[in-house]
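Number 55 marks the last residue of the sequence shown (the numbering used here); no jumps. All C-beta atoms in this analysis are idealised placements derived from N, C-alpha and C, irrespective of residue type, glycine included. Treat the numbers as computed from the prediction; the structure is a model and nothing was measured. The block underneath contains the structure these notes are about, expressed in structure tokens.
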Amino acid sequence: MTQLFRSLIFVPANNPRFLEKAKTLPVDIVCFDLEDSVPEQQKKNARKLIKKAL
């Protein structure tokens with residue numbers, strides 16, 4: 002049987018408030034964005050924030 006995904010959200014990974022909020026949303030997929038929404042100089046910290054959030 003194929004799993005259907007009904008909803009997903011892209012979350013900028015450099016904002017701790019957004020990462021915490023994503024945990025409470027009724028979505029099937031949360032995609033932590035480290036590419037377009039995060040400035041290059043913040044990517045290292047964003048990775049740490051994702052690790053902490055998970």
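| query | Thinking C-alpha only, which one of Phe-19, Leu-26, Asp-29, Val-28 is nearest Lys-53? | reply | Working through the sequence shown from its first residue, we reach residue 53 at position 52. Closest by alpha carbon: Phe-19.
| Which value, in whole angstroms, describes the spacing of the CA atoms of Ile-10 and Val-28? | In the sequence shown, counting from the first residue as 1, residue 10 sits at position 9. In the sequence shown, counting from the first residue as 1, residue 28 sits at position 27. Roughly 7 angstroms separates the two Cα atoms.
| request: Could you check the C-alpha separation between Arg-7 and Ala-14 for me, to the nearest Å? | output: As a working note, residue 7 is residue 6 in the sequence shown. As a working note, residue 14 is residue 13 in the sequence shown. When rounded, the distance between both Cα atoms is 22 angstroms.
| query | What residues in its chain sit with their C-beta under 6 angstroms from that of Ala-47, if we drop five residues either side in the sequence? | reply | Counted from its first residue, the sequence shown places residue 47 at position 46. Excluding its 5 nearest sequence neighbours in each direction, Ala-47 has C-beta neighbours in its own chain below 6 angstroms: Ala-14, Asn-15, Leu-35, Val-39, listed in chain order.
| field | Through-space distance from Ile-30 to Met-2, alpha-carbon basis | value | Residue 2 sits at position 1 when you count from the first residue of the sequence shown. Residue 30 sits at position 29 when you count from the first residue of the sequence shown. Here the alpha carbons of Ile-30 and Met-2 stand approximately 18 angstroms from one another.
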